[in-house]
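Read the structure below first, then the notes.
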Amino acid sequence: MTSRNPEKSNAEMVICTYRIKKGHEPAFLRVLARHWPTLKRQGLVVGKPALIFRGVDESRNVFFVEIFTWKPGGAQRAHEEPAVMQVWESMGTHMEARTGRPAMEHPHVRPVSIRFAKV
Numbered sequence: 383m384t385s386r387n388p389e390k391s392n393a394e395m396v397i398c399t400y401r402i403k404k405g406h407e408p409a410f411l412r413v414l415a416r417h418w419p420t421l422k423r424q425g426l427v428v429g430k431p432a433l434i435f436r437g438v439d440e441s442r443n444v445f446f447v448e449i450f451t452w453k454p455g456g457a458q459r460a461h462e463e464p465a466v467m468q469v470w471e472s473m474g475t476h477m478e479a480r481t482g483r484p485a486m487e488h489p490h491v492r493p494v495s496i497r498f499a500k501v
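Okay, so the sequence shown: first residue is 383 according to the working numbering, each after it adds one.
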């Protein structure tokens, strides 16, 4: 979804953080590879495929970040789609809460238009 003024856009991005259990990275990646395509097939997301990042946290365990944009109402409708729920349930078996954080976090954010200072 494009907009001249992103602050007035209905685009709602989500930044998902997944904390992966030791030894579960390959299996999790197989499930994650199905996530965005399933959302797209159900008509819940817009734009380019999700961006995926890998990191290591302070406990020296792997986490992944996935960023994508929902269609308006897509996040709510996803909870009613059996195909999406199946992927989410599969993902859950590979994650764990740690370092005082839940196994998965998924804040929804909106673009902000900002004029950066000249360097």
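For glycine and all other residues, C-beta sits at the position ideal for the given N, C-alpha and C.
From the DSSP output, read off the bridge partner residues of M395.
Reading the sequence shown from its first residue, position 13 is the one you call residue 395. The partner list for M395 (beta bridge, DSSP) reads T451 and V491.
Is the separation between the beta-carbon of G456 and that of L426 shorter than 8 Å?
The count along the sequence shown starts at 1 and reaches residue 456 at position 74. The count along the sequence shown starts at 1 and reaches residue 426 at position 44. Cβ atoms of G456 and L426: closer than 8 Å.
Using the rule of at least 16 other Cβ atoms within 10 Å of the residue's Cβ for burial, across every protein chain shown, is A460 buried or exposed?
Position 78 of the sequence shown, counted from the first residue, corresponds to residue 460. By the 10 Å Cβ count, A460 comes out buried.
On a Cα-Cα basis, can you pick out the residue from H476, W418 and T399 that is closest to G437?
Translated into the one-based positions of the sequence shown, residue 437 becomes position 55. Considering only alpha carbons, the answer is T399.
Leaving out five residues on either side along the sequence, give the residues of the same chain with a beta carbon under 6 Å from the beta carbon of V491.
Here the question's residue 491 lines up with position 109 in the sequence shown. Correct list, in chain order: M395.
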